[in-house]
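Below is one structure; the comments refer to it alone.
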Amino acid sequence: MSYSSAPTGRRFTEKLLFRSGKAEIEQLGLIALDSLSEILKNINYTIYIDGHTDSDPIRTFQYESNWHLSVARSTNVAYKLIRNGVPEYNIVIRGFGSQRPIADNTTPEGKSLNRRVDILLIPPDNLTPNKKAYIEKNENIN
């Protein structure tokens, strides 16, 4: 898992190695998410989960487009984090399809790197008033 600063927070990029055309998280990705969950469930950050795909066109019964597939990938990561105790109200899922590659989509290696999920952490001081109110309202509910 790589970590970097972003203008509004911290970005974790995990090359969860999704198979082409699939949204199921590979075993190594599940292990990485278990470790990351231990950190994320104890912080009060907004967690953006951004799904990405390679540029290979897709049109299947399950996924009509790469955009749909990227949303499914981010959704599966979100569900895994929630099952591990990360507060659901902290999570925002987004899908970008093949629009934000980090590697060359003309090679198998590059395509593999583009099938990923980025996790961006936004600290509480960057939250909107509505998000702050929602968190405060739900913090004491168990």
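With the numbering used here applied, the sequence shown corresponds to residues 28 to 169, in that order. We put the CB at the ideal spot given by N, CA and C, even for glycine. Keep in mind that this is a model prediction, so the values were computed, not measured.
Burial state of residue i, where buried means 16 or more other Cβ atoms lie within 10 Å
i	result
L57	exposed
N167	Summary for N167: the model assigns pLDDT 48, below 50, so the residue's position carries little reliability, and this model does not support an answer.
G112	exposed
N71	exposed
P151	exposed
T73	buried
D177	Because the chain spans 28 through 169 in this model, residue 177 falls outside it and cannot be assessed.
L55	exposed
Endpoints, alpha helix (DSSP H) assigned at residue i
i	result
I129	Here I129 belongs to no alpha helix (DSSP H), and DSSP marks it neither H nor E.
R242	The displayed coordinates of the chain run from 28 to 169. Any statement about residue 242 would go beyond what the structure contains.
G56	Q54 to L67
Distance, residue j Cα to residue i Cα
i	j	result
S53	L67	Going by the sequence as given, residue 53 is Glu instead of Ser. C-alpha separation (whole angstroms): 20 Å.
R86	V98	14 Å
S125	L63	25 Å
G137	L44	11 Å
R46	N69	31 Å
Y90	D77	17 Å
A59	P156	32 Å
Y116	K49	26 Å
S92	T102	15 Å
N169	D131	Since pLDDT at N169 reaches only 38, below the 50 mark, its modelled position is unreliable, and the value read off the structure follows with that caveat. Using only the alpha carbons, I get a separation of about 46 Å.
G122	T134	22 Å
Y106	W94	18 Å
F88	L96	11 Å
N-terminal and C-terminal residue of the beta strand (DSSP E) that residue i is part of
i	result
I74	T73 to G78
G122	I118 to G122
I113	The sequence as given places Val at residue 113; Ile does not occur at that position. No beta strand (DSSP E) contains V113, which DSSP labels as neither H nor E.
I85	No beta strand (DSSP E) holds I85; DSSP gives it neither H nor E.
L44	Run containing L44: none; DSSP gives neither H nor E here.
I149	V144 to I149
Proximity below 9 Å, CB of residue i to CB of residue j
i	j	result
H79	R127	yes
I129	R143	yes
Y75	L148	yes
Check: residue i C-beta below 8 Å from any heavy atom of the ligand FMN
i	result
A50	The model depicted lacks the ligand FMN and carries no ligand whatsoever.
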